[in-house]
Structures are given as structure tokens and as C-alpha cells.
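Peer 1: For the sequence shown, the residue numbers in my numbering are 13 to 460.
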Amino acid sequence: KSGAIYSGIPDAYGLGDATFMVNRVRSKVLVVADNARNDNLSLAAALLPQAPGLSDVIVVGEAPEGSGWLTYREMLGTEPGQPVEIDPLALAHVGFTSGTTGEPKGVMNSHQTLDAVTSGWVEHVGAATYGEPMVNLVASPVGHHTGFLWGVLLSAYLAGTAIFLDRWKAAAAIELMREEGVTFMVGAPTFLQDIVNELPAGAPPIDSLTMIGVAGAPVPRSLVPTARKRLGCFVGPAWGMTEHGLGASTNPDLPQHVVDSTDGTTIGDCRLRIVGPDGEECPHGIEGDLQMTGPGLFLGYYDRPDFTEESFSGEWFETGDRACINSDGSLSIKGRSKDIIIRGGENIPVVEIETLLYKHPSIIDVAVIGAFDERLGERALALIVLADGAEQPTLQDLTAFLLENGISKHFLPERVEVVDALPKTASGKIQKAELRKAYPSFKVLDSA
């Protein structure tokens, strides 16, 4: 009603990323929860001197004494401003995503693009599949695009109930599902895998559940039928990104083999195509670069027209994913061409980590790659080359160094390996494909 633009900061982000995001969008108001576990108030206090545009802090809970910050309850008692007329094409949301650029990118959405994506998925799946009425267990933070779009907006769109988890624990999620009659949940495959693993063998299915959507990372194909049998509900893989909520999804009307083995069919008016190295569209069944367009596509990257221009070929957005479109029209994601790691549905900005590690006095060369992990999909592995005579840093040394430089905790590498040299091309580019072959799976070292 006020015409404000929402830009969320994921709850686990550190000072460096939070400060960057606030300053990039020139935020005027910061809303923060009094959450002792994450010490959000201390983060806000440290951020304020570095964000000159911030004029107000609103605390959900108790504000620190003498801070001058307004509590949410106090705000409710103030005189509201007059509602403004909303232009459907106006900027409504800036959601940050980590990619290959070395800085978070602010994805701009209008009211119209958000509505196209939300209403498109409801129509594609069928409103009744979400539950009547829908009770939505929201496992992703609302600062993350998944929690905002499929937690906040979808629940409001379907006039449902949203139950927000403060912290992910599979046992707590199962308990809430049974107690609150949860009908729907969407999240990365990690969440679903944890729920399946947590349920005791022979435990009854969760009767209220009608659907679990699985998106945000590659879906292990064996997980879908296993989860469907254990939970007794429709388990639907889908594919999307911050730049376009969801572009493809399964639904209960598709043949079971399509649901179990693909990422579904195109949603609504979204259009997908596969192109080869020559830019020409590939025939069905041929793998290539996945491009997309349609009314739900984002408006561009905030304050970075150069990033926007690099990401488009005419009207087609370069997703950075490799895929093929099958003969039946379904989409199969094959991998990523962009150099990012997806850990439990969260993008890890490789360039940002590598840039900081290069600053460490003991390191002269570094590469961060994603190694396969059964539960999380991938974990970050740092491969480092030491300077002559330098003392070898431990994993704890490097994580402490990164935290001191403002990196968010969930971006930290979880294993470090010292190597004599990194494989490179003649032009000096590190051959990460070779590194991924050498380190295909993640095994935590005893020393870590």
C-alpha cells in the first residue's frame, strides 16, 4: 500500500553481503527480527555506520535500549500514510542471487512478473493440489527467493496458512506437519531427503500432505518415487531460478515416468529452448544451453545494466544451465555451465570466495569447486597452492580468515586440499572440469 520495494536479506548472511545489498538498493528502512540465535541486532548495529542511506530500523521484538530504533508494535501505533496507486509494471521486488560475477546480483521483479510466475504455477499444478485450504510449511527464509515467492506470495495468493520454520530440522518439520495439518511444502531436495531419512521405517504417511515441490537444485531421480511412497503425496520436481521463479514443473496429470525422471513441462506462457554453440535451436533430445523468455522473466539486474546485457541473447535469457527438451516436451536439466556451487538449494558464489582466499598470505593459487554430496547435492572444496616456505593453513584457519573478511557462514568451504599446481589452459584459465574429475565426491577429512 505504501509503494515500498521489498528486498530480502537471507537470515544467515554475514556483514559483508548484508552491507553490500543494503547499499546497492539504497535501502531506507531495515526490518530486523530480535533473533538471539543469529544475533541479528548486532549485525544491524554493525551495518548502520556503513549504510548512510538507512534512516530507520524496525525491530520485530525488543529494540536495544537507547538505540532509537522503532519496534514493530510501536510502528503499528503510528499514523499510516495514504495508500498509493500501484502500477503493475512498477518495480516491486529486488531479490539477490549469487552467481559467477563476484558480487550478489539484484534481480528486479515487477508486480506483473511476480504474478505471472505465481499464478502460472498454480494453474499448471492445479490449485486443489496445494490443499483445500492450503497449509504451507515454509522451510526457506523469506529473504531467499524461494521463501518469499512460494512462502509469502503463494500463501497469500491461495488464501492459505503459512507456517515459517525459524531453523531447519527435519524432526521439527515432521512434527509440525502432523500437528498443523500441513498440505504443501516446497524446497531443495536436501529438505525432502532429510524428511525421508527422519521418518522411521514403517511410520504412517503424513495424511494431510497433498504435495511437496522439489526445486532449487538438481533432483536425485531415485528420491522422487521413494519420497512419494513414504509420504503418501504427490512429489513434484520443478526447475527455476531467481530470475524467473519456476519455468518448468511436473504436475499430477503427467505420466508417472515423466514425473520421476524429468523436471516437468513448461509453465504457463514461459518459453524454453535449447541452443547449440552456433546459437541455433537444438532438436528434441539434444543437450545444449537452456534459454528462457516470457512474461514472468525478471526486468534486469539492479544498477548493473552490463550484467543484464551479458545475460540476454535478444529476448532470450541465458540461464547458464545445460539441458535437453525431450520428445514429449518435458525438460531434463543436465548440469550448469556457470561456475557456481549449489549446496542444499543455496548458491555459493565461487568467485567471491576465491577472491578472498587469494588475499591469504600463504596462498598463491586457488580454485573452489563443488564436489558431489549425497545429502546436500554439493559441498564447496577449496584447492590451494601454497607460497614457497608458507605454513599450511588448516580448514579452521581459512574459515576464520573468510569470516573476518565478511563472508557469510553458509558460503564457507567445507574441505581444503593442498596441491602442487592447478591444471590450466594455455591462456592461463584454470581447468575446473579436470578438478571435478579428480574430486568427484565429497568426503570430510578426519582433520577437518
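Where a beta carbon is used, it is the ideal one built from N, C-alpha and C, also for glycine.
(1) Check whether the Cβ of T238 lies closer than 8 Å to any Cβ atom in chain C.
(2) Might you give, ordered along the chain, the residues of its own chain that have their beta carbon closer than 6 Å to the beta carbon of V137, omitting 5 neighbours on each side?
(3) Among T320, Q303, R355, which has the Cα closest to the Cα of D333?
(4) Confirm, please, whether the CB-CB distance from G248 to V271 is below 8 Å.
(5) Here's the rule: buried if 16 or more other CB atoms are within 10 angstroms of the residue's CB, otherwise exposed. What is A171?
(6) For P452, which of helix, strand or coil comes out of DSSP?
(7) My parser needs the alpha helix (DSSP H) runs of 4 or more residues fully inside the segment 202-275; what are they?
(8) Using 10 angstroms around the beta-carbon of R179, count the other beta-carbons present and answer buried if the total reaches 16, otherwise exposed.
(9) Note down, in chain order, each residue of its chain lying with its Cβ closer than 8 Å to the Cβ of K444, except the 5 sequence neighbours on either side.
(10) Just how far apart, CA to CA, sit L410 and Q124?
(11) Between L309, G28, D315, which lies nearest to F324 when the distance is taken from Cα to Cα?
(12) Hey, F160 and G107: beta-carbon distance below 8 Å or not?
(13) By how many angstroms is the C-alpha of L393 removed from the C-alpha of A402?
(14) Compare the C-alpha of P217 against each of P145, F196, A227, K241 and name the closest.
(15) Per DSSP, what are the beta-bridge partners of Y313 in this structure?
(16) Could you check the C-alpha separation between I4 and V96 for me, to the nearest Å?
(17) Return the Cβ separation of L103 and L311 in integer angstroms, given the expectation that the two are a contact with Cβ distance under 8 Å.
(18) Which first and last residues belong to the alpha helix (DSSP H) in which R36 is found?
(19) Could you pull the start and end residues of the beta strand (DSSP E) that N148 belongs to?
(20) For M120, which option in W328, R316, G389 has the closest C-alpha, if you only look at C-alpha atoms?
(21) Taking the beta carbon of V269 as the centre, do at least 16 other beta carbons fall within 10 Å, making it buried, or is it exposed?
(22) Does the distance from the C-beta atom of G118 to that of R38 stay below 8 Å?
(23) Near V397, which residues of its chain fall below 8 Å by C-beta distance, leaving aside the five closest residues on each side in sequence?
(24) Could I get the ranges of all uninterrupted beta strand (DSSP E) runs contained in the segment 335-418, with 3 residues as the minimum, in chain order?
(25) Name the one or two DSSP bridge partners that Q303 has.
(26) Quick check: the Cα distance between L126 and G15, rounded to an integer number of angstroms?
(27) Of the residues E192, I207, V43, which one's Cα is nearest the Cα of G199?
(28) Specify the secondary structure class of I186 as computed by DSSP and reduced to three states.
(29) Quick check on this structure: which residue in L101, H157, K40, Y142 has the alpha carbon closest to the alpha carbon of G20?
(30) Measure the C-alpha to C-alpha separation of G225 and P307 and round it to an integer number of angstroms.
(31) In terms of alpha-carbon separation, which member of I360, A128, L53 lies closest to L101?
(32) Would you mind giving the Cβ-Cβ distance between A56 and V41, rounded to the nearest angstrom? I have them listed as a contact below 8 Å.
(33) Can you tell me the Cα-Cα spacing of G155 and D400, whole angstroms?
(34) Applying the criterion that 16 or more other CB atoms from any shown protein chain within 10 Å of the CB defines a buried residue, is I337 buried or exposed?
(35) Where does T195 fall in DSSP's three states?
(36) When you compare only the Cα positions, how much space is there between D51 and F203?
Peer 2: From the atom records:
(1) Absent from the structure: chain C. Only one protein chain is present.
(2) Only N263 meet the Cβ criterion.
(3) Minimum Cα distance to D333 is reached at Q303.
(4) yes
(5) exposed
(6) Judged by DSSP in its simplified three-state form, P452 adopts coil rather than helix or strand.
(7) 235-243, 268-273
(8) By the neighbour-count criterion, in which 16 or more other beta carbons inside 10 Å mark a residue as buried, R179 falls on the exposed side.
(9) D351, A379, I381
(10) Straight through space, the alpha carbons of Q124 and L410 are spaced by roughly 44 Å.
(11) L309
(12) yes
(13) Using only the alpha carbons, I get a separation of about 20 Å.
(14) K241
(15) V119
(16) Shown here, the chain extends from 13 to 460; a query on residue 4 therefore has no answer.
(17) 7 Å
(18) R36 -> alpha helix (DSSP H) spans 27-36.
(19) 147-150
(20) It is R316 whose Cα lies nearest to the Cα of M120.
(21) Reading off the sequence, residue 269 comes out as His, not Val. It counts as exposed.
(22) no
(23) I375, I376, D377, V378, V430, V431, D432, A433, L434
(24) 343-348, 353-355, 358-360, 375-385, 389-398
(25) According to DSSP, Q303 bridges with R285, E330.
(26) Near 15 Å, if we compare the C-alpha coordinates of G15 and L126.
(27) I207
(28) helix
(29) H157
(30) 22 Å
(31) Nearest C-alpha to L101: A128.
(32) Not confirmed; about 12 Å, so no contact.
(33) 43 Å
(34) Sixteen is the threshold: when 16 or more other Cβ atoms of the shown chains lie within 10 Å of the Cβ of I337, as they do, the residue is buried.
(35) coil
(36) Near 25 Å, if we compare the C-alpha coordinates of F203 and D51.
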